[in-house]
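Q: Residue numbering for the sequence shown is -27 to -1, 1 to 74, as defined by mature numbering (1 follows the signal peptide of the UniProt record, and there is no 0).
In this text, a Cβ means the ideal position worked out from N, Cα and C, and glycines have one as well.
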Amino acid sequence: MGSSRSNVAVKIVLAMLVIAMISGAQAKPVCGVDHYDLIERCYPTTTLTPPPPPSQQCCDIVKRTDLLCLCKYRFMLPTFGIDYARAIEVPGKCGIPQPKC
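#1: Residues in its own chain within less than 7 Å of T38 by CB, not counting five upstream and five downstream?
#2: On the premise that C31 lies in contact with C15, defined as a C-beta separation below 8 Å, what is that separation, rounded to the nearest angstrom?
#3: I'd like to check one pair, V63 with T22: are the Cβ atoms closer than 7 Å?
#4: CB R47 to CB K(-17), shorter than 7 Å?
#5: Would you identify the three-state DSSP class for P2, choosing helix, strand or coil?
#6: Determine the extent of the alpha helix (DSSP H) in which T38 is found, giving its start and end residues.
#7: Determine the direct distance from the alpha carbon of I69 to that of L11, and round the result to whole angstroms.
#8: May I have the straight-line CA-CA distance separating P51 from V(-15), to the nearest angstrom?
#9: Please report the distance separating the alpha-carbon of T20 from that of I34.
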């Protein structure tokens, strides 16, 4: 059960990253947050080896995000080269409750 909840949370965080990349050069709110902040603060945690822990700024952004809004984007994530295994850890490390998508 915990694994399933973690999968949902990761999909949400990854969706945020995907939306941010798709949105283009102009800053636009995506599910309540600026996608540039999301990329700048959270992307390294899901792509670098070894992955750094999420920064406080990353966690703050994720906490302000409407996570249920992001559920609709969860299936697009693998297309953008985001490491799913790393991303799945971000919400838990930030102490963020996982929504039910």
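A: Straight from the coordinates:
#1: Here residue 38 refers to the residue found at position 65 when the sequence shown is read from its first residue. Excluding residues within five positions, the ones whose Cβ falls inside 7 Å are M(-12), C4, G5 and V6.
#2: Stepping through the sequence shown from its first residue, residue 15 is reached at position 42. Stepping through the sequence shown from its first residue, residue 31 is reached at position 58. Right, the Cβ-Cβ distance comes to about 4 Å (below 8 Å), so this counts as a contact.
#3: Indexing the sequence shown from 1 puts residue 22 at position 49. Indexing the sequence shown from 1 puts residue 63 at position 90. For T22 and V63, no; Cβs fall outside 7 Å.
#4: The residue you call residue 47 lines up with position 74 of the sequence shown. The residue you call residue -17 lines up with position 11 of the sequence shown. Closer than 7 Å, so yes.
#5: Position 29 of the sequence shown, counted from the first residue, corresponds to residue 2. Three-state result, P2: strand.
#6: Position 65 of the sequence shown, counted from the start, is the residue given in the question as residue 38. Run containing T38: none; DSSP gives neither H nor E here.
#7: For the purposes of this step, residue 11 is taken as the residue at position 38 of the sequence shown. For the purposes of this step, residue 69 is taken as the residue at position 96 of the sequence shown. Roughly 15 Å between the two C-alpha positions.
#8: Position 78 of the sequence shown, counted from the start, is the residue given in the question as residue 51. Position 13 of the sequence shown, counted from the start, is the residue given in the question as residue -15. Going from the Cα of P51 to the Cα of V(-15) covers about 12 Å.
#9: On the sequence shown, residue 20 is found 47 positions in, with the first residue counted as 1. On the sequence shown, residue 34 is found 61 positions in, with the first residue counted as 1. For T20 and I34, the distance between alpha carbons rounds to 18 Å.
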